[in-house]
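Residue numbers (the UniProt record's numbering): 1 to 177. This report refers to the structure that appears directly beneath it.
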Amino acid sequence: MKDRVAVFTDNGYISKIVLNGTKIDFMKFCDLACEDRERLRTYFYDCMPYQSEPPTNEDKKRYANYCRFRDSVEKQPGFQMRFGKLSKKSDGSFEQKRVDILLAVERVRLSLGSSDRPCNSCYRRHSDFVPAVEAAKDAGVITSLYYSKKSIHDGLLQAVDERYVIDEDLLNSIKRK
Numbered sequence: 001m002k003d004r005v006a007v008f009t010d011n012g013y014i015s016k017i018v019l020n021g022t023k024i025d026f027m028k029f030c031d032l033a034c035e036d037r038e039r040l041r042t043y044f045y046d047c048m049p050y051q052s053e054p055p056t057n058e059d060k061k062r063y064a065n066y067c068r069f070r071d072s073v074e075k076q077p078g079f080q081m082r083f084g085k086l087s088k089k090s091d092g093s094f095e096q097k098r099v100d101i102l103l104a105v106e107r108v109r110l111s112l113g114s115s116d117r118p119c120n121s122c123y124r125r126h127s128d129f130v131p132a133v134e135a136a137k138d139a140g141v142i143t144s145l146y147y148s149k150k151s152i153h154d155g156l157l158q159a160v161d162e163r164y165v166i167d168e169d170l171l172n173s174i175k176r177k
């Protein structure tokens with residue numbers, strides 16, 4: 001039986017490391033991450049845009065644009081979106097909430113419930129995922145990490161089985177045309 005792969009993608013992380021407006025073709029990334037293995041599913045984690053109360057015209061436009069993006073992702077075969085919450089901090093910046101926990105729970109749940117040992121690939125940077133990676137590995141899962149050298153925690157890098165740097169060549173190979 002072919003190994004099956006679950007791909008965990010954090011759009012917040014991608015947005016921070018992919019600059020200059022490059023648009024990613026997530027199916028191309030999945031094909032790259034899966035190699036010749038069967039893709040079980042791609043779990044795509046993000047937050048809906050923040051909207052003030054009442055929403056401004058800019059808020060409404062940003063929300064409508066995101067809804068179009070969300071719909072295009074959800075139309076991809078085997079994609080499942082998971083949403084955290086976007087929280088506005090006192091300095092006016094925004095922070096994702098619940099995304100890390102959703103991703104970790106999903107990874108462990110799939111690892112423990114699997115009899116054919118899927119290989120997991122993900123984008124992520126936090127050491128918070130080390131226990132989830134270790135639980136997946138204890139269940140016999142091969143864990144892979146696609147990361148940027150600009151944003152990675154050494155503990156997470158050491159915990160995974162396979163590591164792939166998201167560099168300019170990789171980005172060029174998966175960018176949307």
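Every residue, glycine too, gets a C-beta built ideally from N, C-alpha and C.
Cβ distance (whole Å) where residue 10 is taken to contact residue 45 below 8 Å: For the purposes of this step, residue 10 is taken as the residue at position 10 of the sequence shown. For the purposes of this step, residue 45 is taken as the residue at position 45 of the sequence shown. Yes, they are in contact, since the Cβ atoms of residue 10 and residue 45 sit about 5 Å apart, within 8 Å.
DSSP-derived helix/strand/coil call for residue 62: As a first step, residue 62 must be located in the sequence shown, where it is residue number 62. The answer is helix: DSSP assigns residue 62 an H, G or I state.
Looking at C-alpha atoms only, which residue of 110, 88, 155 and 19 is the closest neighbour of residue 41? The residue given as residue 41 occupies position 41 in the sequence shown. The option with the nearest alpha carbon to residue 41 is 110.
What is the residue span of the beta strand (DSSP E) that residue 128 lies within? Translated into positions along the sequence shown, residue 128 becomes position 128. Neither: residue 128 is in no beta strand (DSSP E) and is coded neither H nor E.
Cβ atoms of residue 75 and residue 84: under 7 Å apart, would you say? On the sequence shown, position 84 is the one that residue 84 refers to. On the sequence shown, position 75 is the one that residue 75 refers to. It is not a contact, given that the beta carbons lie outside the stated cut-off.
Taking the beta carbon of residue 26 as the centre, do at least 16 other beta carbons fall within 10 Å, making it buried, or is it exposed? For the purposes of this step, residue 26 is identified with residue 26 of the sequence shown, where counting begins at 1. So residue 26 ends up on the buried side.
Residue 46 - partner residues in DSSP beta bridges: Here residue 46 refers to the residue found at position 46 of the sequence shown. DSSP, once it has assigned bridges, lists 83 as partnering residue 46.
Supposed close pair residue 159, residue 141 - CB separation, criterion 8 Å: For the purposes of this step, residue 159 is identified with residue 159 of the sequence shown, where counting begins at 1. For the purposes of this step, residue 141 is identified with residue 141 of the sequence shown, where counting begins at 1. Between residue 141 and residue 159 the Cβ distance is about 12 Å, and since that is not below 8 Å, they are no contact.
Per-residue DSSP class, three states only, for residue 167: The residue you call residue 167 lines up with position 167 of the sequence shown. Here residue 167 sits in coil by DSSP.
Where DSSP assigns a beta bridge to residue 94, which residues make up the other side? Here the question's residue 94 lines up with position 94 in the sequence shown. Paired residue(s): 88.
Would you say residue 163 and residue 132 are within 7 Å of each other, going by their C-beta atoms? In the sequence shown, residue 163 corresponds to position 163, counting from 1. In the sequence shown, residue 132 corresponds to position 132, counting from 1. Not closer than 7 Å, so no.
In whole angstroms, give me the CA-to-CA distance for residue 143 and residue 57. Locating residue 143 in the sequence shown gives position 143, where the first residue counts as 1. Locating residue 57 in the sequence shown gives position 57, where the first residue counts as 1. Using only the alpha carbons, I get a separation of about 43 Å.
Please classify residue 69 as buried or exposed, where buried requires at least 16 neighbouring CB atoms within 10 angstroms. Locating residue 69 in the sequence shown gives position 69, counting from the first residue. Looking at its Cβ environment, which holds fewer than 16 other Cβ atoms inside 10 Å, residue 69 is exposed.
Straight-line CA distance for residue 88 to residue 80? On the sequence shown, residue 88 is found 88 positions in, with the first residue counted as 1. On the sequence shown, residue 80 is found 80 positions in, with the first residue counted as 1. C-alpha separation (whole angstroms): 26 Å.
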